[in-house]
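S.K.: Below are the structure tokens for one structure; questions will follow.
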Amino acid sequence: MENPELQNLTDYSPSDAPWDAHRSASDDVGGIYLLAAEYERYGARMASCGGLLRFGWSTLKETGETRLRLREAHFCRVRHCPVCQWRRSLMWQARFYQSLPRIVADYPDARWMF
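Per UniProt numbering, residue 1 is the first one in the sequence shown, and the count goes up by one each step.
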């Protein structure tokens with residue numbers, strides 16, 4: 001049951017505007033890769049990056065709240081893909097936030113340079 005009027009993720013959820021912005025940038029960069037013969041496969045991979053997103057219901061242990069979470073997706077993992085770079089930066093941000101309490105506990109007198 002496809003609706004031709006719903007083309008972007010923001011058509012389903014307005015809070016997902018960053019996804020659409022990165023996805024359109026990925027299409028632009030992929031088009032540039034397609035212009036060069038030696039990088040055509042990168043362009044083809046970027047064209048299908050994030051094309052399939054499967055969501056599932058998840059319950060938060062702390063609050064018992066149920067929400068949709070990304071369960072399965074296919075990403076291209078091309079170094080210059082805006083979608084993959086964005087997801088990679090979110091991963092490193094989450095890793096930093098998870099390790100921050102331990103760093104503060106291990107080095108209580110340390111000063112931050114940023």
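Ideal placement from N, C-alpha and C gives every residue a C-beta, glycine not left out. Because the structure is a prediction, the values reported are computed rather than measured.
Based on the DSSP secondary-structure assignment, which residues constitute the bridge partners of Thr66?
M.R.: Thr59
S.K.: Measure the Cβ-Cβ separation of Arg54 and Arg71 and say whether it is below 7 Å.
M.R.: When the beta-carbon positions are compared, Arg54 and Arg71 come within less than 7 Å of each other.
S.K.: Tell me where the alpha helix (DSSP H) around Asp27 begins and ends.
M.R.: For Asp27, the uninterrupted alpha helix (DSSP H) segment begins and ends at 17-35.
S.K.: Excluding five sequence neighbours on each side, which residues of the same chain lie with their C-beta closer than 7 Å to the C-beta of Tyr42?
M.R.: By the criterion of a C-beta distance shorter than 7 Å, Tyr42 is surrounded in its chain by Tyr33, Val78, once the five residues flanking it on both sides are discounted.
S.K.: For Gly30 and Val83, which I take to be in contact (beta-carbon distance under 8 Å), what is that distance rounded to the nearest angstrom?
M.R.: Their Cβ separation, rounded to whole angstroms, is 10 Å, which puts Gly30 and Val83 out of contact at 8 Å.
S.K.: For Ala73, which of Asp106, Gly56, Lys61, Gly64 has the nearest alpha-carbon?
M.R.: Gly56
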